[in-house]
Each structure stands twice: as C-alpha cells, then as structure tokens.
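Quick note on this note's numbering: the sequence shown kicks off at -19 and runs consecutively. First up is the structure itself, then whatever we jot down about it.
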Amino acid sequence: MGFLKYKNYTGSVEFNDIDKILFGKVLGIRGLISYEGQTVDELEQDFKSGIDEYLEACKEKGIEPQKPYTGAFNVRIPSDMHGQAAMEAYEQGITLNAFVKHAIEERLKIAIIERKPLAHGPAKKENKEKKTGRYKI
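This is the structure we're talking about:
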C-alpha cells in the first residue's frame, strides 16, 4: 500500500480489483475524506481537491479542521499488560508514557528495516457500496 501527502495530511492508496479503481481515505483524523480515481494522477487530484474542499467547508462553518497525528492517542490493552508495563516503567525510573513511546520506537525500527506490516496489514475493504459523501466533518 502506498500513501499520498498534501498539506500535512496523509492518505491511503488502495485498489479495488472488482471495480478496477484506486481509492483511499485521509488517515489520522476522526472525520472522513475519501477519494478515488481510475489512474494515479486522477487519484492524487481527487485526494488534493477533497482536502481543499474539506478545509473550505470547515472555514465556512467556522470550525477548526482536524489535524492529523496530534502526538496523543489512547491505547486499549488488557489490564494485566497495563500493570506489567507500569511496573517495568517504574523499575526503569521512567514514566509509563516514556516506556510505551520507547516500545513503539523499537517496533517501528524493526518494521522499517524488515519492511513488513506492523500487524496483519490494513483491513480489507469489504464494503462495496457507492460513496454517499465526499467528506464528513
């Protein structure tokens, strides 16, 4: 899978082999900005215009656009793992946040070196319905 970047937003690039179309969505925001195209150029153009339309809609409504990847997120893990991580962080004399940050950094180093998916790869797009809207705020 590839990525598109524009105005600090990152979008996915996927291929629907049934409809023979490229599609994607902007990553790292709660809203939805989707795009599609028959060619890479069409996909990229629709991606950029989708972001521009989203930013303009936010401006017209007087709301702040969502910023991707703010640097803060919640992780849900089993309570025993939470406890183990907290104890390990305490023993190392660091915060739980620093411990988790270090664990993610180490896993990313391995993933980048091996160029393997971080888990099981992206979820397959099962919903083949037509888009009902270009973006959702």
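The beta carbon of each residue, even a glycine, is placed where N, CA and C say it ideally should be.
Out of the options, state which residue places its alpha-carbon closest to the alpha-carbon of residue i.
i	options	result
E22	L2, E94 and G(-9)	L2
G8	S(-8), E16, I(-2) and D(-1)	S(-8)
V20	P58, Y(-11), E85 and F(-17)	F(-17)
D26	I84, A91, M61 and K5	K5
So, at 7 Å on beta carbons, what are the nonlocal neighbours of residue i in its own chain, with the 5 sequence-adjacent residues on each side left out?
i	result
K111	For K111, the predicted structure reports a pLDDT of 45, less than 50, and the residue's modelled location is therefore unreliable. A value from the coordinates is still provided. Same-chain partners within the cutoff: S14.
Using a threshold of 9 Å, state whether the C-beta atoms of residue i and residue j are closer than that.
i	j	result
G11	Y(-14)	no
A91	A65	no
Does any CB atom of chain B fall closer than 9 Å to the CB of residue i?
i	result
F(-17)	This model lacks chain B altogether, as it is built from one protein chain only.
To the nearest angstrom, how far is it from the Cα of residue i to the Cα of residue j?
i	j	result
C38	P45	6 Å
Y(-11)	K81	22 Å
E94	E85	14 Å
K47	F53	13 Å
T50	N77	15 Å
D(-3)	D32	28 Å
D60	L88	24 Å
T75	K0	48 Å
In the DSSP output, what is residue i paired with across the bridge?
i	result
G(-9)	L(-16) and V6
N(-4)	I1
Going along the chain, which residues of its own chain have a beta-carbon closer than 8 Å to the beta-carbon of residue i, five neighbours each way excluded?
i	result
Q72	F79
Between residue i and the rest of its own chain, which residues show a CB-CB distance below 6 Å, the 5 nearest in sequence each way excluded?
i	result
G17	L2, L23 and D26
K28	Y(-14)
Closer than 8 Å to a non-hydrogen atom of the ligand GTP - does that hold for the CB of residue i?
i	result
F3	For the ligand GTP, the structure offers nothing, since it holds no ligand at all.
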